[in-house]
Each structure stands twice: as structure tokens, then as C-alpha cells.
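In the working numbering, the protein residues as written are 364 to 502.
Virtual Cβ for every residue (Gly too), placed ideally from N, Cα, C.
Worksheet for the structure shown next.
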């Protein structure tokens with residue numbers, strides 16, 4: 364390792380520290396966490412890694428319907444939920460999983476594609492004219 368350090372290292376131009384100090388209102392736990400965006404459903408629930416959770420803040424129920432939220436997961440797996448700059452309280456829900464799985468099974472039973480309508484030529488199409496059949500038989 365010392366050989367590579369001697370070969371590729373460079374001396375600094377100056378001896379001063381170029382780092383800026385951190386602001387006091389800076390939330391490092393939020394900045395250094397993994398961020399994913401989810402859309403809230405009508406009942407303010409969302410899924411994250413196959414687990415369902417629900418927002419439990421009654422004063423902002425009507426405003427969060429179908430909004431995008433940030434889910435921040437830190438190194439230890441702790442979750443934090445943000446809407447714009449505000450942190451939201453949430454709670455995991457278990458009964459939602461059962462109803463959601465039942466709903467998915469019902470959707471699989473449906474036909475994904477409607478049967479294609481067969482083509483029926485209109486009344487004045489050349490195939491339906493009287494002379495066309497005799498013309499085809501002559502050939």
C-alpha cells in the first residue's frame with residue numbers, strides 16, 4: 364500500500380482546511396439516508412419493501428391524498444417519512460396486507476385481453492356482391 368501511496372499521491376497546494384462548517388439546522392441523518400419516493404393512496408397508506416404503513420396525522424388528512432412522499436431509510440434500517448420539508452408520523456398496518464392479497468387474486472382471474480372482434484365486411488363490400496362468387500369460381 365505504501366508503494367501505491369508513494370506513486371500516486373500528491374502534496375497539497377496549501378496547509379489551510381478547505382472544508383466548510385456544517386450549518387446548525389442541517390439534518391445529517393436525513394441527508395445521509397437512502398431516499399425513495401412513494402405515492403399515498405386515498406386512505407393515506409403506502410408500501411415500502413412489501414410492508415404497508417399508514418400516515419397517522421389527523422390534521423392533514425385531506426391535504427395528503429395522492430401526494431408524493433419521501434421515505435428515508437438509514438444505515439440501521441430505521442424509516443422516516445417526509446412530505447416536502449415536514450416529517451410525518453406513520454404506523455405499520457397488518458390487516459391491509461390480507462385485503463390487498465385478496466384483491467390481487469381477484470384481478471388475476473380477470474381476462475387481461477378482451478377477445479378480438481372478428482372482422483365482418485360491410486354490405487357493399489365486393490365479397491358480398493352477387494357477381495363476385497361467380498368471378499372467383501371462374502378463376
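Reduced DSSP secondary structure (H/G/I, E/B, other) of residue 366: helix
Residue 482 to residue 404 span [Cα, whole Å]: 42 Å
For residue 417, the nearest candidate out of 427, 424, 454, 389 (CA to CA): 454
Backbone CA spacing between residue 493 and residue 499 [nearest angstrom]: 11 Å
Beta-carbon proximity check, residue 394 vs residue 411, cutoff 8 Å: no
Span of the beta strand (DSSP E) around residue 434: It spans 431-436 - the beta strand (DSSP E) in which residue 434 sits, taken as one unbroken run.
Endpoints, the beta strand (DSSP E) within which residue 392 is located: Judged by DSSP secondary structure, residue 392 falls outside any beta strand (DSSP E) and instead within the alpha helix (DSSP H) spanning 391-394.
Where the beta strand (DSSP E) containing residue 423 begins and where it ends: Careful: residue 423 lies outside any beta strand (DSSP E) and carries neither H nor E.
Of the listed residues 451, 436, 452, nearest to residue 392 (C-alpha basis): 436
Helix, strand or coil at residue 489 according to DSSP, with G and I counted as helix: helix
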